[in-house]
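S.K.: Encoded as structure tokens, here's the structure I'll be asking about.
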Amino acid sequence: MEYAILYVVIMNILGVAVMGIDKYKAQHKLWRIPEKTLFLVSILGGSIGTWAGMYLFRHKTKHWYFVFGMPAILVIQIVVLCILQFR
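What follows is the structure in structure tokens.
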């Protein structure tokens, strides 16, 4: 259980970081992090961090698939965790 919590914490830190890095790269016209990668980090457990990073850095907040996709991934993860916990 402790490893699972550590994994989720690390993935959420990574989620905030990738949003910040991609925002920096966008501002400086550098090679960007693919949107698939941003979603992958979210799907792999970093949904809270990625979602927080969107608003912390004001990045990807005008793209509907991020505005609705990140919270949707989080809700799906919460539902799956509840099902696994209470079955």
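Each residue of the sequence shown is one higher than the last, beginning at 5 in this note's numbering.
Idealized CB from N, CA, C, for every residue including glycine.
Computed from a predicted structure; not experimentally measured.
#1: Is DSSP giving Lys-40 helix, strand or coil here?
#2: Short check: CB of Met-23 to CB of Thr-54, under 8 Å?
#3: Does the separation of the CB atoms of Ser-46 and Met-5 fall below 8 Å?
#4: Sorted by chain position, which residues of the same chain lie with C-beta nearer than 7 Å to Asn-16's C-beta, five sequence neighbours on each side aside?
M.R.: By the coordinates alone:
#1: In the structure shown, Lys-40 sits in a helix (DSSP, three-state: H, G or I).
#2: Against a cut-off of 8 Å, the Cβ pair of Thr-54 and Met-23 comes out as a contact.
#3: Not in contact: Ser-46 and Met-5 (Cβ atoms no closer than 8 Å).
#4: By the criterion of a C-beta distance shorter than 7 Å, Asn-16 is surrounded in its chain by Gly-50, Ile-52 and Gly-53, once the five residues flanking it on both sides are discounted.
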